[in-house]
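J.: I'd like to ask you about the structure that follows.
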Amino acid sequence: MPLRERTIRTPALVLRHREIGEADRLLVLYTEQLGKIHAIAKGVRKLKSRKAGHLEPFTHSTLQLAKGRDLMIITQAETLNAFLPLRENLAGVGHASYVIELIDRFTYENEENPRIFHLAIRTLERLQRAKDPLLVLRFYELRLLDLLGFRPELQQCGLCQAEIKAQDQYFSAERGGVLCPNCGRSTPGARPISMEALRYLRHLQRSNFQQASVARPRPEIHTEMEILMQHYLTYLLERNLNTPSFIRKIRHLDTTDHVPPAIEND
Amino acid sequence: MQLPEPVQKLIDAFSRLPGIGPKTASRLAFYLLRTTDDTAPALAEALQALKANTSLCRVCFNITLSDREICEICDDPRRDRSVICVVEEPLDVFALERTGGYSGLYHVLHGVLSPIEGIGVDDLRIQELLDRLKENVTEIILATNPSMEGDATAMYLGRRLAGSKVRVTRLARGLPVGGDLEYADQNTLKRALDGRQTLERG
Ligand SMILES: [Zn+2]
Ligand SMILES: [Zn+2]
Numbered sequence: 036m037p038l039r040e041r042t043i044r045t046p047a048l049v050l051r052h053r054e055i056g057e058a059d060r061l062l063v064l065y066t067e068q069l070g071k072i073h074a075i076a077k078g079v080r081k082l083k084s085r086k087a088g089h090l091e092p093f094t095h096s097t098l099q100l101a102k103g104r105d106l107m108i109i110t111q112a113e114t115l116n117a118f119l120p121l122r123e124n125l126a127g128v129g130h131a132s133y134v135i136e137l138i139d140r141f142t143y144e145n146e147e148n149p150r151i152f153h154l155a156i157r158t159l160e161r162l163q164r165a166k167d168p169l170l171v172l173r174f175y176e177l178r179l180l181d182l183l184g185f186r187p188e189l190q191q192c193g194l195c196q197a198e199i200k201a202q203d204q205y206f207s208a209e210r211g212g213v214l215c216p217n218c219g220r221s222t223p224g225a226r227p228i229s230m231e232a233l234r235y236l237r238h239l240q241r242s243n244f245q246q247a248s249v250a251r252p253r254p255e256i257h258t259e260m261e262i263l264m265q266h267y268l269t270y271l272l273e274r275n276l277n278t279p280s281f282i283r284k285i286r287h288l289d290t291t292d293h294v295p296p297a298i299e300n301d
Numbered sequence: 204m205q206l207p208e209p210v211q212k213l214i215d216a217f218s219r220l221p222g223i224g225p226k227t228a229s230r231l232a233f234y235l236l237r238t239t240d241d242t243a244p245a246l247a248e249a250l251q252a253l254k255a256n257t258s259l260c261r262v263c264f265n266i267t268l269s270d271r272e273i274c275e276i277c278d279d280p281r282r283d284r285s286v287i288c289v290v291e292e293p294l295d296v297f298a299l300e301r302t303g304g305y306s307g308l309y310h311v312l313h314g315v316l317s318p319i320e321g322i323g324v325d326d327l328r329i330q331e332l333l334d335r336l337k338e339n340v341t342e343i344i345l346a347t348n349p350s351m352e353g354d355a356t357a358m359y360l361g362r363r364l365a366g367s368k369v370r371v372t373r374l375a376r377g378l379p380v381g382g383d384l385e386y387a388d389q390n391t392l393k394r395a396l397d398g399r400q401t402l403e404r405g
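Just so you know, the protein sequences line up as chains A and B, in that order.
To convert a position in the first sequence, counted from 1, into the numbering used here, add 35.
To convert a position in the second sequence, counted from 1, into the numbering used here, add 203.
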């Protein structure tokens with residue numbers, strides 16, 4: 036949308052920030068009305084700044100933006116949802132960061148898509164209450180790929196068009212979806228996918244969230260889906276994502292009993 | 204027309220600094236070109252000395268003079284060695300020192316965890332902090348910034364320190380002095396509420 040007015044008020048999601056100048060921040064925002072934009076927040080690194088708390092990563096805020104000389108300037112910010120429950124534990128921070136990172140990586144500046152904006156907000160809301168956050172993330176990835184035009188084909192073989200039968204299959208990022216065992220075996224780069232994982236992914240792809248959220252994949256299947264989706268996303272982006280390794284580290288922290296550091300008191 | 208190479212080189216060098224755009228970089232370069240006093244030589248000398256004459260304290264990783272292995276704070280016998288205050292950057296040490304209200308030691312992480320930017324545990328001086336716990340430390344004060352990244356770093360350290368006998372505390376967070384409740388964000392307000400204190404009746 037061409038920006039004619041000098042100021043605009045829009046809901047936005049804060050993606051990232053970088054410090055510039057004495058006490059300013061350059062923010063990367065995904066706004067409902069303008070899509071991804073860069074904007075300056077002046078003075079927010081001062082502790083007494085009123086705006087700072089409304090402009091933290093993955094905060095849903097209403098922003099007032101003014102057109103500056105080179106960049107937009109944030110003149111007002113008011114939180115709609117800070118997603119506090121997600122900020123209170125490391126897994127929540129990791130998952131929310133992943134939601135943000137995908138949007139940041141997959142979108143271009145000044146191309147608005149309110150459906151992507153709403154999907155991200157709804158996903159963060161779902162993560163706050165989710166019993167199975169990984170399912171929320173897989174649902175999010177598949178919906179986001181739909182909106183970006185990268186919907187993976189999960190119903191028929193990407194080479195011979197044969198309908199996929201109830202058996203283990205292959206997945207080819209290059210071909211953008213599943214391959215039947217015949218085609219898959221002879222396609223370089225195609226990786227096996229179990230029938231169970233494929234079934235869940237198809238279920239997530241075809242259902243609304245309420246239907247999707249009844250699924251209860253076993254942990255091994257979750258891992259398989261996560262690896263497969265990240266393989267596909269990395270292929271599309273032509274580079275690695277940052278957040279998955281953070282999420283893995285945190286998970287490791289959960290499952291390993293830490294040997295407490297040795298302390299020799301007295 | 205192209206700028207003479209020495210001028211362009213300085214502009215490029217300035218542009219790589221945080222907070223300096225191409226316009227400011229040109230202005231600074233031309234200012235230095237014009238000055239006839241010792242501004243430019245003094246700057247050049249200071250820049251050379253910056254790297255040559257400083258190093259990191261091998262205990263707390265604060266900045267110190269290059270002829271010292273251990274910084275003045277770590278070396279000071281009057282400091283309380285049982286308390287370590289963990290901060291993000293060397294500048295935070297100077298801010299806390301200015302208050303004059305802290306007499307323990309420090310540990311500088313040199314950054315914060317940032318999942319999106321890909322800054323992880325191994326990029327910070329975290330293992331070095333855990334190694335210091337062997338030295339009769341009884342309290343660790345987590346003084347990372349009140350931000351998503353600062354909080355994540357504090358939570359991570361809290362988890363790694365759980366199970367040790369060290370008392371782990373976090374700097375109190377509340378409403379900024381001179382602030383107004385109605386402008387406070389959810390996070391600040393909730394933390395201020397969580398950290399409320401009993402009013403002493405005089
Ligand atoms: Zn086929
Ligand atoms: Zn030191």
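Ideal Cβ positions, reconstructed from N, Cα and C, are used throughout, including at glycine.
Just to confirm the assignment: which complete beta strand (DSSP E) runs, minimum length 3, are found wholly within the stretch 294-321 of chain B?
T.: 307-311, all fully within the stretch 294-321 of chain B.
J.: Any idea which residues DSSP pairs B/V286 with across the strands?
T.: As a working mapping, residue 286 of chain B is identified with position 83 in the second sequence. B/V286 pairs with B/E342.
J.: To be precise: take each residue of the stretch 84-117 of chain A, compare its Cβ to all Cβ atoms of chain B, and keep it if any distance is under 7 Å. Which residues remain?
T.: Flagged, chain order: R85, G88, H89, E91, P92, T114 and A117.
J.: Can you list, in chain order, the residues of the stretch 171-201 of chain A whose Cβ is nearer than 9 Å to any Cβ on chain B?
T.: If the cut-off is 9 Å between Cβ atoms, the stretch 171-201 of chain A has nothing near chain B.
J.: Could you give the residue range of the beta strand (DSSP E) that holds A/N116?
T.: For this step, residue 116 of chain A is matched to residue 81 along the first sequence. Per DSSP, A/N116 belongs to the beta strand (DSSP E) from M107 to N116.
J.: Kindly examine ligand 2 and report whether one of its heavy atoms sits closer than 8 Å to the Cβ of B/L308.
T.: In the second sequence, counting from the first residue as 1, residue 308 of chain B sits at position 105. Yes.
J.: State the DSSP-derived secondary structure class of A/L69, mapped to helix, strand or coil.
T.: As a first step, residue 69 of chain A is located in the first sequence; it is residue number 34 there, counting from the start. Coil at A/L69, not helix or strand.
J.: List the residues that DSSP assigns as beta-bridge partners of A/V49.
T.: For the purposes of this step, residue 49 of chain A is taken as residue 14 along the first sequence, with counting starting at 1. Paired residues: A/L64.
J.: Cβ closer than 7 Å: which chain A residues qualify as neighbours of B/K393?
T.: Translated into the one-based positions of the second sequence, residue 393 of chain B becomes position 190. Under the 7 Å cutoff, chain A gives L119.
J.: Residues in its own chain within less than 7 Å of A/N116 by CB, not counting five upstream and five downstream?
T.: As a working mapping, residue 116 of chain A is identified with position 81 in the first sequence. Excluding positions up to five away in sequence, the list reads H95.
J.: State buried or exposed for A/V294, treating a residue as buried only when at least 16 other CB atoms are found within 10 Å of its CB.
T.: Working through the first sequence from its first residue, we reach residue 294 of chain A at position 259. With a pLDDT of only 43 at A/V294, under 50, the local geometry of the prediction cannot be trusted, and the value read off the model is given with reservation. Looking at its Cβ environment, which holds fewer than 16 other Cβ atoms inside 10 Å, A/V294 is exposed.
J.: Can you name, in chain order, every residue of its own chain whose Cβ lies under 7 Å from the Cβ of B/N256, other than the five neighbours on each side?
T.: The residue you call residue 256 of chain B lines up with position 53 of the second sequence. Cβ within range, chain order: L268 and S269.
J.: Quick one, what's near ligand 1 if you take every residue whose CB is closer than 6 Å to any heavy atom, in chain order?
T.: Residues with a Cβ closer than 6 Å to any heavy atom of ligand 1, in chain order: A/C192, A/L194, A/C195, A/A197, A/L214, A/C215, A/N217 and A/C218.
J.: Would you mind giving the Cβ-Cβ distance between B/R282 and B/G307, rounded to the nearest angstrom? I have them listed as a contact below 8 Å.
T.: As a working note, residue 282 of chain B is residue 79 in the second sequence. As a working note, residue 307 of chain B is residue 104 in the second sequence. About 6 Å separates the two Cβ atoms, so the contact holds.
J.: I need the DSSP call for A/S207, collapsed to helix, strand or coil.
T.: Working through the first sequence from its first residue, we reach residue 207 of chain A at position 172. Three-state DSSP puts A/S207 in a strand.
J.: Work out the CA separation of B/V369 and B/Y309 for me, nearest whole Å.
T.: As a position in the second sequence, residue 309 of chain B is number 106, starting the count at 1. As a position in the second sequence, residue 369 of chain B is number 166, starting the count at 1. Each residue's Cα considered, the two are about 15 Å apart.
J.: So what does DSSP say about A/D167, is it helix, strand or coil?
T.: The residue you call residue 167 of chain A lines up with position 132 of the first sequence. DSSP places A/D167 in coil when its eight states are reduced to three.
J.: With DSSP run on the structure shown, which of helix, strand or coil describes A/G212?
T.: Working through the first sequence from its first residue, we reach residue 212 of chain A at position 177. Reduced to three states, the DSSP call for A/G212 is strand.
J.: Pair every Cβ in the stretch 286-296 of chain B with every Cβ in the stretch 339-346 of chain B, then say whether three or more of these pairs are closer than 8 Å.
T.: The stretch 286-296 of chain B is in contact with the stretch 339-346 of chain B.
J.: Is there a Cβ of chain A sitting closer than 9 Å to that of B/E272, yes or no?
T.: Start at 1 with the first residue of the second sequence, and residue 272 of chain B comes out as number 69. Answer no: the Cβ-Cβ gap between B/E272 and chain A never drops below 9 Å.
J.: I'd like to confirm the pairing. Which residues does DSSP put opposite A/H95 in its beta bridges?
T.: The count along the first sequence starts at 1 and reaches residue 95 of chain A at position 60. Looking at the DSSP assignment, A/H95 forms a beta bridge with A/L48 and A/N116.
J.: Looking at the strands, I want to know which residues DSSP matches up with A/L100.
T.: For this step, residue 100 of chain A is matched to residue 65 along the first sequence. Paired residues: A/I43 and A/I109.
J.: Consult DSSP for B/V371 and reduce its assignment to one of helix, strand or coil.
T.: Position 168 of the second sequence holds residue 371 of chain B. B/V371: strand per DSSP, three-state reduction.
J.: Taking all protein chains shown into account, decide if A/H130 is buried (16 or more other Cβ within 10 angstroms of its Cβ) or exposed.
T.: Within the first sequence, numbered from 1, the residue matching residue 130 of chain A stands at position 95. Looking at its Cβ environment, which holds 16 or more other Cβ atoms inside 10 Å, A/H130 is buried.
J.: Against B/P209, what residues of chain A qualify as contacts under a CB-to-CB distance less than 7 Å, listed in chain order?
T.: Position 6 of the second sequence holds residue 209 of chain B. Within 7 Å Cβ-Cβ: nothing; B/P209 doesn't reach chain A, min ~27 Å.
J.: Is there a Cβ of chain A sitting closer than 9 Å to that of B/V371, yes or no?
T.: Counted from its first residue, the second sequence places residue 371 of chain B at position 168. With 9 Å as the cut-off, B/V371 does not count as an interface residue toward chain A.
J.: Since A/A76 sits in a beta bridge, which residues does DSSP pair it with?
T.: Within the first sequence, numbered from 1, the residue matching residue 76 of chain A stands at position 41. DSSP output for A/A76 lists A/R60 as bridge partner(s).
J.: Which residues mark the beginning and the end of the beta strand (DSSP E) in which B/L268 is found?
T.: The residue given as residue 268 of chain B occupies position 65 in the second sequence. B/L268 -> beta strand (DSSP E) spans I266 to L268.
J.: Would A/E54 count as contacting chain D if we go by Cβ distances under 9 Å?
T.: The structure shown contains no chain D; its protein chains are A and B.
J.: Extract the residue ranges of the beta strand (DSSP E) inside the stretch 206-260 of chain A, only unbroken runs of 3 or more that lie entirely within it.
T.: Counting only runs of 3 or more, we get 212-214 and 226-228.
J.: Between which two residues does the beta strand (DSSP E) harbouring A/L189 extend?
T.: The sequence position of residue 189 of chain A within the first sequence is 154, counting from 1. Careful: A/L189 lies outside any beta strand (DSSP E) and carries neither H nor E.
J.: From A/R60 to A/V79, what does the alpha carbon distance come to, in whole angstroms?
T.: Walking along the first sequence from the start, residue 60 of chain A turns up at place 25. Walking along the first sequence from the start, residue 79 of chain A turns up at place 44. Cα-Cα distance, rounded: 7 Å.
J.: Around ligand 4, which residues pass a check of Cβ closer than 6 Å to any of its heavy atoms?
T.: Of the ligands one can find in the structure shown, namely ligand 1 and ligand 2, none is ligand 4.
J.: Find the residues of chain B that neighbour A/E136, judging by a C-beta separation of less than 7 Å, and give them in chain order.
T.: Against the first sequence, residue 136 of chain A aligns to sequence position 101. Those are I319, listed as they occur along chain B.
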